[in-house]
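Take a look at the structure below.
Number of protein chains: 2
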Amino acid sequence: MTTAPSKPGSRKRPGKSGNLRTEQKAQTRALILQCALEVFAERGFDGASVRDIAGFAGVNHGLIRYHFTDKDGLWKAAVEFLFDRLHEEMAAPEEDTKLPPLEQTKAWIRRYVRYCARHPEHARIMVQESIRDSERLRWAVKRFIKPDNEETRRRFRRLVEAGVYPDIPEHSFNYIITAAAQSMFMLANEMKYIYGIDVADDDVVDAHAEAIITLLFDHRAKRAAARRSRS
Amino acid sequence: MTTAPSKPGSRKRPGKSGNLRTEQKAQTRALILQCALEVFAERGFDGASVRDIAGFAGVNHGLIRYHFTDKDGLWKAAVEFLFDRLHEEMAAPEEDTKLPPLEQTKAWIRRYVRYCARHPEHARIMVQESIRDSERLRWAVKRFIKPDNEETRRRFRRLVEAGVYPDIPEHSFNYIITAAAQSMFMLANEMKYIYGIDVADDDVVDAHAEAIITLLFDHRAKRAAARRSRS
DNA sequence: AGTTTCGTTATCCAATTGAATAGCAGCTTC
DNA sequence: GAAGCTGCTATTCAATTGGATAACGAAACT
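From first to last, the protein sequence lines stand for chains A and B.
Residue 442 in our numbering sits at position 24 of the first sequence, and the numbers go up by one each step.
Residue 458 in our numbering sits at position 40 of the second sequence, and the numbers go up by one each step.
Now the structure itself:
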């Protein structure tokens with residue numbers, strides 16, 4: 419656990435429009451969600467207590483019941499927030515659509531690696547939940563993960579059909595790419611202890627993205643690099 | 419959680435040598451360890467209760483205290499068992515040492531992917547522990563993970579120096595390879611729900627190993643495969 | 001201004017948890 | 001075969017947990 423997320427705003431001043439109550443309610447809700455994300459990510463669903471989350475957010479734990487019904491509801495709301503944010507932040511910029519498929523994919527990798535570095539909670543929460551086999555996992559798969567994966571599959575098929583990529587099993591492609599991008603940031607603690615490297619460093623992040631691209635998407639660059647280091 | 423691990427032997431018959439007590443003690447200890455591995459893997463350290471583990475092993479929960487002092491001791495004993503087994507099962511066969519570096523590495527990947535498929539608990543336990551930042555993680559890093567990583571680093575450096583591999587950051591190489599091999603089996607539940615594929619299938623395992631080799635180690639094969647699907 | 005609404009806190013409850021202690025039964029040893 | 005060691009069970013304890021209920025107090029509505 420790092421530090422408590424910055425409480426959004428002074429939490430007391432009413433916005434220009436709408437009534438004060440509803441606005442403050444939304445702020446509190448968002449604050450709890452933010453804290454829930456961090457605590458769930460660090461300790462998993464069972465390991466995280468609603469009391470810890472509430473305490474972290476500086477509110478009474480009964481309030482969580484009021485806003486989210488129960489712990490399960492809180493988790494789902496947090497994951498919903500997580501994926502909404504993912505979709506926002508991963509949206510491809512207009513100009514990308516004009517690039518050839520392989521270049522589009524490289525740009526997508528760069529975006530995704532940066533996302534993973536910015537929000538390691540995402541992989542942390544979802545991996546812990548996938549390790550267990552819960553109703554929550556099935557809910558998340560159906561609602562978010564599977565649809566997202568369909569898109570990755572289409573991207574992969576496009577590459578294969580364009581003749582710029584080997585035709586490995588789709589699921590292998592999916593897990594290799596995603597894991598390669600996520601793991602270093604998901605396991606930041608381990609990395610810190612093994613290599614003494616802080617993954618918050620932008621250079622480390624960008625270098626990792628380029629490493630993935632070199633290994634997985636840039637045959638020519640890879641051969642050239644190998645040739646270079648040979649001489 | 420699948421089914422309880424087969425209790426080793428009838429647990430009552432004394433072995434030919436040694437006294438019955440010590441032998442049975444060792445058997446019980448091993449049984450508890452086995453169960454602890456499964457439960458820790460599925461629920462993480464905090465989520466797993468010593469009572470569940472004991473119940474799963476069919477022994478009184480006080481017995482865990484007797485054998486392992488406390489929950490922390492049980493976890494460490496389980497992880498020790500895990501890495502000892504890893505080292506046994508991952509030892510390279512004699513003839514591998516005669517292969518060129520790149521071929522050695524491919525053989526190593528095949529062995530490692532099969533290991534990950536056979537023992538998904540390994541990645542499950544260690545990933546959950548790395549996500550949190552505990553004294554246990556530091557213990558495991560110092561004792562097992564870092565030494566193992568040193569070896570992977572040397573393997574990588576040898577490839578680079580032989581001019582058959584691009585010189586990306588060592589830590590990136592490490593996390594890309596390891597994660598690519600582990601993730602599919604670690605997240606078997608997710609995979610089941612997304613793709614309906616059972617990772618217990620040997621063909622799926624071997625195909626995954628070949629996919630990794632194609633993408634990450636076999637430049638020529640990759641280009642050929644891409645060319646093939648283009649025509 | 002008086003009343004109602006509702007976001008929030010304070011308490012309480014039963015269940016579970018890690019740990020500690022005491023006791024038991026049957027190998028082992030002499 | 002008696003004594004005692006020891007692997008194991010039974011029970012107890014305090015702390016924590018998710019959840020439920022009641023009370024409060026300030027905003028919102030009339």
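Ideal placement from N, C-alpha and C gives every residue a C-beta, glycine not left out.
In this text, all values refer to a predicted model and were calculated from it rather than measured experimentally.
Using beta carbons (cut-off 8 Å, strictly below), is A:I630 in contact with chain B? Closer than 8 Å to some Cβ of chain B, the Cβ of A:I630 qualifies, so yes.
Strictly below 7 Å CB to CB, what residues from chain A border B:L492? None at all; the shortest Cβ gap to chain A is about 17 Å.
Using a Cβ cut-off of 7 Å, which residues of the region 536-564 of chain B contact any Cβ in chain A, in chain order? R542, V545, Q546, S548, I549, R550, D551, L555, R556, V559, I563 and K564
Which residue marks the beginning of the alpha helix (DSSP H) containing B:K524, and which one marks its end? Note, B:K524: alpha helix (DSSP H), P519 to R536.
Can you pull the chain B residues whose beta carbon is under 9 Å from the beta carbon of A:E460, in chain order? I549, R550 and D551
Does A:I653 have its Cβ less than 8 Å from a Cβ in chain B? Lying outside 419 to 649, the shown extent of chain A, residue 653 of chain A is not represented and no answer is given.
Evaluate contact between the region 473-480 of chain B and the region 446-460 of chain B, counting only Cβ atoms and requiring at least three cross-stretch pairs below 8 Å. yes
Do you know offhand how far B:E498's Cα is from A:Q522's? 45 Å
A:F591 and A:F574 closer than 8 Å at C-beta: yes
Chain A residues whose Cβ lies nearer than 9 Å to that of B:H626: I586, P587, H589, S590, Y593 and I594
I'd like to know whether the C-beta of A:N437 is nearer than 8 Å to at least one C-beta of chain B. no
Go through its chain and collect everything with a Cβ distance to B:I549's Cβ below 7 Å, but skip five positions before and after it. So the list is empty, once near-sequence residues are dropped.
Can you find a CB in chain A that lies within less than 8 Å of the CB of B:N567? yes
Whose C-alpha, out of B:R556, B:K494, B:R576 and B:A618, is nearest the C-alpha of B:R536? B:A618
At the level of alpha carbons, what is the spacing between B:R429 and B:V622? The pLDDT assigned to B:R429 is 37, lower than 50, so where the model puts this residue is not dependable; a value taken from the coordinates is nonetheless given after this. For B:R429 and B:V622, the distance between alpha carbons rounds to 36 Å.
Do you know whose CA, among A:I615, A:W557 and A:E608, lies nearest A:W493's CA? The residue among A:I615, A:W557 and A:E608 with its C-alpha nearest the C-alpha of A:W493 is A:W557.
Would you mind stating whether A:A597 and B:A597 have Cβ atoms separated by less than 8 Å? For A:A597 and B:A597, yes; Cβs fall inside 8 Å.
Do B:E539 and B:A459 come within 8 Å of each other at the CB atom, strictly closer than that value? yes
So B:L438 and A:I594 are supposed to be a Cβ contact under 8 Å. How far apart are they, rounded? Contact flag wrong, Cβ pair sits at about 50 Å.
So, B:L520 versus B:V582, is the Cβ gap smaller than 8 Å? yes
Quick check: the Cα distance between A:D620 and A:E569, rounded to an integer number of angstroms? 27 Å
Report all residues from its chain with a CB closer than 7 Å to the CB of B:N373; omit the five preceding and five following residues, and keep chain order. This structure leaves residue 373 of chain B out entirely; chain B is present only between 419 and 649.
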